[in-house]
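Chain order of the listed sequences is A and B. Taken in order, the first sequence gives residues 87 to 328; the numbers are from the working numbering. Taken in order, the second sequence gives residues 87 to 328; the numbers are from the working numbering. Notes to accompany the following structure.
2 protein chains.
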Amino acid sequence: MAMAYNFHIIEDCLKCTVREQRLFCDLSREALIRLQNIKATSVYPKGAMLCLEGQPPRGVFILCTGKAKLSTTSSEGKSMILRIAEPGEVLGLTAAVSGTPYEATVETLEPSQANFIAQTDFVHFLREHPDVGLRVAKQLTHNCKCAYDEVRSLGLSNSVPEKLAKLILRWAENPLDLPVKKPNETPLRVTLTQEEIAQFIGTSRETVSRVLANFRKKGWVRVKGATWTILNRRALENLVTT
Amino acid sequence: MAMAYNFHIIEDCLKCTVREQRLFCDLSREALIRLQNIKATSVYPKGAMLCLEGQPPRGVFILCTGKAKLSTTSSEGKSMILRIAEPGEVLGLTAAVSGTPYEATVETLEPSQANFIAQTDFVHFLREHPDVGLRVAKQLTHNCKCAYDEVRSLGLSNSVPEKLAKLILRWAENPLDLPVKKPNETPLRVTLTQEEIAQFIGTSRETVSRVLANFRKKGWVRVKGATWTILNRRALENLVTT
DNA sequence: CTAAGAATGTGACGGCGGTCACCATTGTCA
DNA sequence: TGACAATGGTGACCGCCGTCACATTCTTAG
C-alpha cells in the first residue's frame, strides 16, 4: 500500500527551519552534527505504536512532525491518556534516563515523522554534550507539568462538564489553527475521538457524548466533524473553578 | 519556644554517611565542596511551609531529614496532595530549572532539616558540575513517575477502597519501619491525617474514615494511633486491579 | 490537669455519572 | 457500491460517594 504523506520530511536536522521553536531540538552545532549521525528517521502512519508501556527501553524518539498520544493501561484493559505530545518533544525519556521500562504507550494520532536514537547512543550523546542535558531537563520539566495538570484536572474538578470545558479551553490556547476567524468564534481541530477524550479526562464515552450534546444545545460550541468551534467562551470559562 | 528536635543535624555534606543511598546527594567530591559553600542549612518544625504554589522561585531545597508533602490547591480552596517527598530529594526543581512559579506548596510533615540553595547559585552549580545535571535528571524522572502513578491511581481505579488499599500497600513497600515483626504482620507509621489521605487519593475525609473502618471490621488492618498494621495483605491486593 | 481544638466515627440523603442496551451515522475497504 | 467496522447519540437504571450534621475520641498548650 503506497501511502502518500502530505508533509515535508525533515532529513537534515542542521537545515531544519523550525528548530528554534521546539522544546528539544534547539541544540548547539556540534550536538546537531552528532545527532545527525546517530538518529534514524522514520515516517509512521496514523495509529503506529512507537513504544509500549512496560517494555524495556530501546531508545528515544524525537517527534518531528505530527502528534502522538501517551497512554497507560490497567490490567483490566481500561486505559488513560497521559498527554498529547507535540512536534519537537522527546518521547521515552524517563525510561532512557533511568533504564526502567517505558512509562507509557506512545501511539501516533496522525501520520508522523520521528527520529529514533538507540539507548546507548543517546546516553553517550547526553554525556558528551552539556546543552543536551539542559534540553533533557526542559523536556522532563514539561512532562512533570503536564502530569500535574492532569492530576489537578482529575482530582480537583468537580464535574465532567467542568473537565471537558477545561480541556476545550486548553485546546483553544493553541494559535496554530484554522483561519476561519469570524469574530468571537474560535475554531479548532479535534484529533481525538470521544472515546479518547473520555480517557483523557477520566470518564466514560457516553458521558462525553451527553455533555458535549448539552454544550451544543446551549449554543456554546458547534461541532462539524473534527472541527469544533467555540461560540461562547465565557460560558465555558464560568464552568471552570480551578 | 525552645523546641528540641530529636535527630542529628547533618552540617557537613562531605561527612554525611547516608549520602550514597539518596536520590540527589551522591555527588562528586568537587560538587560536594561547592555545595557546602552555597547551601544554607535550616531546621523546620512540623507544618512549616518551604515554598508556596504560584510564587516565583527563590531556589531549591534539599531535604536531609524528615518528610514533606507537596500539594496543589484549587481556587475554591480544595487541595490535593501530589506526593510525599523523602529525605535526599530536591524540592522546587521544576521551578528552578524553568524559572516559572513553584508548581506545588511544600509543607513539612515532621520536624525536618533542609538545605536551601538560592536560584542563581543553583543554576551555576548545575552548569559547572556535569554530575549535578545527571542527578537533576534523576530527580525529575522520579517526579514524573510519581505524578504518573498519581494519575493512574486517580484515573484507572474504580473505587475508593481500591485506591486506599493501593496506597497502604505502597506504604508497606517501605522497608524502613518498626521492627515489631510478628509473622504476616506488616506495621507501618502513617504520618498523614485521614483528611490528608483523602486529598491524596481524591476523595472525602468521611469516605476514608468509612472505608478504613470497613477494613478494620474485616480484620485486614489494625489501627493504633499513627501505627497501622496490615493483617491480611492478600485481601488488600485482591482489591487492586491495576 | 483541664479545656479547647483537632481528628475521627457514623447516620441520612440525594445526585452525578458509570454501565448496559440499542440505534444512527460516518468512514473504509474490497 | 455495498458491507462491515468504527464512532457517536440517547434512554433507563441504580450504586457509589460527596455533603451535611453531629457525636466521640485524641492532642496539646497553658
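Quick reminder that beta carbons are idealized off the backbone N, C-alpha and C, glycines included. All values reported here derive from a predicted model rather than from experimental measurement.
- Can you tell me which of the three DSSP states Asn324 (chain A) falls into? helix
- Task: Find the residues of chain A that neighbour Glu236 (chain B), judging by a C-beta separation of less than 7 Å, and give them in chain order.
- Result: Val237
- Message: Taking the beta carbon of Gln141 (chain B) as the centre, do at least 16 other beta carbons fall within 10 Å, making it buried, or is it exposed?
- Response: exposed
- So which of A:Leu274, A:Lys252, A:Lys268 has the shortest CA-CA distance to Asn260 (chain A)? A:Leu274
- Message: Please report whether the beta-carbon of Thr180 (chain B) lies at a distance below 8 Å from any beta-carbon of chain A.
- Response: yes
- Give me the Cβ distance between Thr277 (chain B) and Glu196 (chain B), rounded to the nearest whole Å; I'm assuming they're in contact under 8 Å. 6 Å
- Residue from A:Gln205, A:Phe286, A:Pro247 whose Cα sits closest to the Cα of Lys304 (chain A): A:Pro247
- Go ahead and label Met166 (chain A) buried or exposed: buried means 16 or more other beta carbons lie within 10 angstroms of its beta carbon, across all protein chains shown. buried
- Item | Minimum Cβ-Cβ distance from Ala223 (chain A) to chain B less than 8 Å | yes
- Item | Close-in-space but distant-in-sequence residues of the same chain around Cys137 (chain B) (CB under 6 Å, 5 per side omitted) | Gly178, Tyr188, Val192
- Item | Pairwise C-alpha distance: Ala204 (chain A) and Ile74 (chain A) | There is simply no residue 74 (chain A) to check, as chain A begins at 87 and stops at 328 in what is shown.
- Of the residues A:Ala200, A:Gly288, A:Val183, the one placed nearest Lys231 (chain B), counting alpha carbons only: A:Val183
- Message: I want to verify the contact list: residues of chain A whose CB lies under 8 Å from the CB of Thr158 (chain B), in sequence order.
- Response: Tyr234, Val237, Arg238, Leu242
- Message: Counting only beta-carbon separations shorter than 8 Å, does Glu282 (chain B) have a partner in chain A?
- Response: no
- Assign His94 (chain A) to buried or exposed, taking buried as 16 or more other Cβ atoms, counted over all protein chains shown, within 10 Å of its Cβ. exposed
- Message: For chain B, check one thing: does any of its Cβ atoms lie closer than 8 Å to the Cβ of Asn324 (chain A)?
- Response: no
- Message: Using only the alpha-carbon positions, how far apart do Gly152 (chain A) and Pro269 (chain B) sit?
- Response: 55 Å
- Query: Are any of the Cβ atoms in chain B nearer than 8 Å to that of Ser161 (chain A)?
  - Reply: yes
- Query: Which residues in chain A sit within 8 Å of Thr315 (chain B), going by Cβ to Cβ distance?
  - Reply: The premise fails here: Thr315 (chain B) is roughly 27 Å from chain A at the closest Cβ pair, so nothing lies under 8 Å.
- Task: Could you check which residue in A:Ala134, A:Ile148, A:Arg115 has the C-alpha nearest to that of Ala126 (chain A)?
- Result: A:Ile148
- Message: Can you find the residues in the same chain that come closer than 7 Å, C-beta to C-beta, to Glu106 (chain A), ignoring five residues on each side of it along the sequence?
- Response: Asp112
- Taking all protein chains shown into account, do 16 or more other C-beta atoms lie within 10 angstroms of the C-beta of Leu298 (chain B), making it buried, or fewer, making it exposed? buried
- List, in order along the chain, the chain B residues whose C-beta lies closer than 8 Å to that of Cys137 (chain A)? In chain order: nothing, as chain B lies at least about 15 Å away.
- Item | CB-CB length for Ser239 (chain A) against Ile287 (chain A), believed under 8 Å | 7 Å
- Task: Let me know the secondary structure DSSP gives Cys137 (chain B) once reduced to three states.
- Result: strand
- Message: Taking the alpha carbon of Phe202 (chain A) as the reference point, which residue from A:Thr158, A:His210, A:Val326, A:Ser128 has its own alpha carbon closest?
- Response: A:Ser128
- Any idea if Val104 (chain B) is buried or exposed, counting beta-carbon neighbours within 10 angstroms, 16 or more meaning buried? exposed
- What's the call for Ile283 (chain A), buried or exposed, on a 16-neighbour Cβ count within 10 Å? buried
- Query: What three-state label does DSSP hand Val104 (chain B) in the structure shown?
  - Reply: coil
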